[in-house]
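The block underneath contains the structure these notes are about, expressed in structure tokens.
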Amino acid sequence: MNGETVGLSESDDAPMKAYKKNMAFTSAAESAAKRIKDQFNLTDVLDAGRLSIAYALREGIPVERAPGFGPMSGSNYNVGSVDPDGELRDLLLALRPGLNEDPYRVLETLMNDGALKLDAEVSSASILSLRDLLN
0 MNGETVGLSE SDDAPMKAYK KNMAFTSAAE SAAKRIKDQF NLTDVLDAGR
50 LSIAYALREG IPVERAPGFG PMSGSNYNVG SVDPDGELRD LLLALRPGLN
100 EDPYRVLETL MNDGALKLDA EVSSASILSL RDLLN
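Numbered according to numbering that gives the first Met the number 0, the sequence shown terminates at residue 134, and the numbering increases by one at each position without gaps.
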């Protein structure tokens, strides 16, 4: 292992799967997440990241990283901080049962792309409150 993954197993006799153990923002997505945090009066940028993941899943944002995604130069979080009980991972796998990619890499992609898209919606005044996200 190269320090970026941790072994997880779905059952005792299943082979170990190596998943990322850290998730990070790109610089642009971190700036967007900070604005989201402020707009919605969230506790911290990590809450904005989780909201961005939920928004990305709801909006059907692609799980594949687009060319030019950018370096992960923003804040870096242990997956245990982002998804302490594995609920985001489980939700992603339930929504995408055929996913053949590390779910935490996909969640990292959705966190970044979701933050950028949600920030754009907030900037254009299409979304101004958490209530707007429920519609």
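The beta-carbon is built from N, C-alpha and C at its ideal position, and this holds for glycine as well.
- Distance from the CA of VAL81 to the CA of GLU100, rounded to the nearest whole angstrom, comes to 18 angstroms.
- For the stretch 28-116, the continuous alpha helix (DSSP H) assignments of 4+ residues that do not extend past its boundaries occur at 44-58, 78-81, 86-94, in sequence order.
- Selection ASP131, PHE24, ALA124, SER123 evaluated against PRO70 yields PHE24 as nearest (Cα-Cα).
- Looking at the DSSP output, ALA124 sits in no beta bridge, so it has no partner there.
- Around the CB of ASP37, fewer than 16 other CB atoms lie within 10 Å, so the residue is classed as exposed.
- Cβ-Cβ distances below 6 angstroms link ALA28 to ASN111, ALA114, LEU115 in the same chain, with the five nearest sequence neighbours on each side left out; the list follows chain order.
- When the five nearest sequence neighbours on each side are left out, the beta carbons in the same chain lying within less than 7 angstroms of the beta carbon of ASN77 are those of LYS20, ASN21, in order along the chain.
- Listed in chain order, the non-local C-beta contacts of LYS33 below 8 angstroms within the same chain comprise VAL44, ALA47, local neighbours out to five positions each way being set aside.
- Taking 8 angstroms as the cut-off, the beta carbon of LEU98 is found no closer than this to the beta carbon of LEU56.
- Here the alpha carbons of LEU129 and GLY73 stand approximately 25 angstroms from one another.
- Distance from the CA atom of THR108 to the CA atom of ARG64, rounded to whole angstroms, is 6 angstroms.
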